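4 protein chains.
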Amino acid sequence: MSKITVEKCQELIEAEYPLAIYWGFRIEDLGAGTARVRMPYSPKILRLGGTIAGPALMGLADFTMYFTVLTAYEYETGVQSVSTNLNTTFFRRPRQKDVVAHGRIQKAGRRMCFLEVELMSDEQPEAVAHVTGTYALPPQTA
Amino acid sequence: MSKITVEKCQELIEAEYPLAIYWGFRIEDLGAGTARVRMPYSPKILRLGGTIAGPALMGLADFTMYFTVLTAYEYETGVQSVSTNLNTTFFRRPRQKDVVAHGRIQKAGRRMCFLEVELMSDEQPEAVAHVTGTYALPPQTA
Amino acid sequence: MSKITVEKCQELIEAEYPLAIYWGFRIEDLGAGTARVRMPYSPKILRLGGTIAGPALMGLADFTMYFTVLTAYEYETGVQSVSTNLNTTFFRRPRQKDVVAHGRIQKAGRRMCFLEVELMSDEQPEAVAHVTGTYALPPQTA
Amino acid sequence: MSKITVEKCQELIEAEYPLAIYWGFRIEDLGAGTARVRMPYSPKILRLGGTIAGPALMGLADFTMYFTVLTAYEYETGVQSVSTNLNTTFFRRPRQKDVVAHGRIQKAGRRMCFLEVELMSDEQPEAVAHVTGTYALPPQTA
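Residue numbers (our numbering), protein chains in the order written: chain A, 1 to 142; chain B, 1001 to 1142; chain C, 2001 to 2142; chain D, 3001 to 3142.
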């Protein structure tokens, strides 16, 4: 079970993440070490050729990882985590549809959390991009 | 010498890259296989703790790579190039200042172009992040 | 179904891949876009602290990707494929056991093939490392 | 200035790194946060087509990073560091020559060290591969 609720994550977005508001990210589901986040289709994330720009996909992946971290750590620890590495592979052009990100913790360590995110065009069977990342957790003070 | 002018790149941004307009990217310099692009400091790119959000840094790096590709290839080839891989390492929190991206081609191949970008807080001596990437060029039709 | 047999892959190793012989790689299973390869535990792959060295793990992952490519492409195409990018994340120390690599194609394109490999200590439930990679296929001559 | 001598690093290889002995790695130079390491050309590192195999290049890069860490940290800290991420991009086929690795620290943090390595065919002007990596340092006990 997730250690944080969808509502609490949306509150955090409202208070602290203007880019996530701009992109309209909606957290759809949180589990134990998993998160599903939706980016609505919009002209403002397009690039030449009418395709969704890479930075919007990477932004969606990064936020999804952050919320995935929050599902598995105590709030004070998770909220202060920061990404140290993010590696994105772009497989194919996304459709002109919402993009849905599926985040998953690969290893939840004490000092670092390793994650992956798969990005899918809404209701399509194939991933458009795959992202792996490392989040550093704040040093334990106890 | 760059195969494209700063003005032509800014026109391309205006016409095709709403995210680059939103972030206010300004191309400052183009060389033979190099580009320098500035992201002005603004509250809309912040995240929790008042630091600049990772997605804005990755967005700046991706656009800088794209314009770096355009300095080295014929226009029709470069403009249709797409990123297939982008790997970002975050070294330290950026200052509350503009971020300046220095892009450089590592290898300009016929099918793929390999690049790196160093991101610096304005007028600071140390990089805040380092990004490597691969762009795929469109298949040659000639 | 795999386009190549286990026997044919082992022949290729014998003829062309002295490092794979040195490490004792054994191909255990090939499917349509999947491969399972075993690296036997041996003192020659250890590093300080008695743990298996990163380069042996990366070598296993790279060879596993190569054989995974061969399961999905015509022989002449697959055998000439070369890795252009390999990104490894090390999650935990491997046990003093064989390492088993599970390779899977993420996207089999015409010019590039994207893959991932999970590395497991034999009979353990948790991955020790995760690797993503890109292979470039030779230009089509037809 | 390096915190460790070339002789001490070679001793460490002899005692603890059989793969580095197998490959014949020779540390040529150590500076403050820099290292140059040579892999002699040998048939045992080849792959199909007579080119040097990716795993040998990645092995050279990983060892070079390790010794680069040792130039910048106290011995007990550096020797216990472990790689958590290694990202390799292969630019071109190496020549049938020695490969020389140039390692450099990008950021020496308290918990993590970020590095890059450029791999060159001996006496050639262009890099054959570029590697970025992250090493985790052991938790401070003091």
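Think of the CB as a built atom: it goes at the ideal place given N, C-alpha and C, for glycine as much as any other residue. Remember, predicted model here, so these are calculated numbers, not experimental data.
From Phe-63/A to Tyr-22/A, what distance separates their C-alpha atoms?
If you draw a straight line from the Cα of Phe-63/A to the Cα of Tyr-22/A, it comes to about 13 Å.
Sheet register partners of Gly-2133/C (DSSP bridge):
Note: Gly-2133/C sits in a beta bridge opposite Leu-2086/C and Leu-2115/C.
Determine, using beta carbons only, whether Thr-3089/D comes closer than 8 Å to chain A.
So, not an interface residue.
The stretch 3081-3101 of chain D / the stretch 3127-3137 of chain D touching (three or more Cβ pairs under 8 Å)
Short answer: they touch.
Length of the line joining the Cα atoms of Glu-7/A and Glu-28/A:
Roughly 10 Å between the two C-alpha positions.
Alpha carbon to alpha carbon, what distance is there between Arg-104/A and Gln-80/A?
In this structure, the alpha-carbon of Gln-80/A lies about 19 Å from that of Arg-104/A.
According to DSSP, simplified to helix, strand and coil, what is Asp-1958/C?
Outside the shown range of chain C, which is 2001 to 2142, sits residue 1958/C, and nothing can be said about it.
Using only the alpha-carbon positions, how far apart do Ala-2127/C and Ala-35/A sit?
Between the alpha carbons of Ala-2127/C and Ala-35/A lies a gap of roughly 20 Å.
For Thr-1071/B versus Ser-1002/B, is the C-beta spacing smaller than 8 Å?
Taking 8 Å as the Cβ cut-off, Thr-1071/B and Ser-1002/B qualify as a contacting pair.
At a CB distance below 7 Å, what residues from the stretch 1041-1071 of chain B approach chain D? Give them in sequence order.
Those would be none; no residue qualifies.
Name the residues in the stretch 1117-1130 of chain B whose C-beta lies less than 8 Å from a C-beta of chain D; which are they?
Result list: Glu-1126, Ala-1127 and His-1130.
Tell me which residues share the same chain as Val-3117/D and place their Cβ nearer than 7 Å to its Cβ, disregarding the 5 neighbours each side in the sequence.
Answer for Val-3117/D: Ala-3061, Thr-3064, Met-3065, Ala-3101, His-3102, Gly-3103 and Val-3131, listed in chain order.
Taking only three categories from DSSP, how would you classify Asp-44/A?
Sequence check: residue 44/A is Lys here, not Asp. Lys-44/A falls in the helix class under three-state DSSP.
For Arg-1038/B, which residues from the same chain have a beta carbon less than 6 Å from its beta carbon, with the 5 sequence-adjacent residues on both sides left out?
Cβ neighbours of Arg-1038/B beyond the five flanking positions: Arg-1026, Glu-1028, Asp-1098 and Val-1100.
Let me check understanding here. Comparing Cα to Cα, which of Leu-3057/D, Gly-3109/D and Ala-3056/D lies closest to Gly-3033/D?
If we check each option's Cα against that of Gly-3033/D, Gly-3109/D comes out closest.
Does Lys-3008/D come out as helix, strand or coil in the three-state DSSP assignment?
If DSSP states are grouped into helix, strand and coil, Lys-3008/D belongs with the helices.
Three-state class that DSSP yields for Ala-56/A in the structure shown
In the structure shown, Ala-56/A sits in a helix (DSSP, three-state: H, G or I).
In whole angstroms, what separates the C-alpha of Leu-2019/C from that of Val-1082/B?
Each residue's alpha carbon lies about 35 Å from the other.
Please confirm whether Leu-1030/B and Ile-1004/B have their CB atoms less than 8 Å apart.
Their beta carbons are under 8 Å apart, which means Leu-1030/B touches Ile-1004/B by this criterion.
In this structure, does DSSP put Gly-3078/D in helix, strand or coil?
Per DSSP, reduced to three states, the secondary structure at Gly-3078/D is helical.
To the nearest angstrom, how far is it from the Cα of Asp-2122/C to the Cα of Arg-2095/C?
Rounded to the nearest angstrom, the two C-alpha atoms are 8 Å apart.
Rounded to the nearest angstrom, what separates Leu-2012/C and Ala-56/A at their Cα positions?
The alpha-carbon atoms of Leu-2012/C and Ala-56/A are separated by roughly 43 Å.
Can you give the Cα-Cα distance for Gly-78/A and Leu-137/A, rounded to whole angstroms?
So the two alpha carbons sit approximately 7 Å from each other.
Which residue wins for smallest C-alpha separation from Leu-2048/C, given the options Tyr-3017/D, Pro-3040/D and Gly-3024/D?
Among Tyr-3017/D, Pro-3040/D and Gly-3024/D, the Cα nearest to that of Leu-2048/C is on Tyr-3017/D.
What distance in whole Å lies between the Cβ atoms of Phe-67/A and Phe-2091/C, which are believed to be in contact at a cut-off of 8 Å?
So it is not a contact: roughly 21 Å between Cβ atoms.
Own chain, CB closer than 6 Å to Cys-9/A, minus 5 neighbours either side, in chain order
So the list reads Ile-27 and Phe-67, once near-sequence residues are dropped.
Excluding five sequence neighbours on each side, which residues of the same chain lie with their C-beta closer than 6 Å to the C-beta of Met-120/A?
The beta carbon of Met-120/A is closer than 6 Å to those of Val-100 and Ala-127 in its chain, skipping five residues each way along the sequence.
Proximity test, Cβ basis, 8 Å: Asp-2098/C and chain A:
Chain A contact via Cβ: absent.
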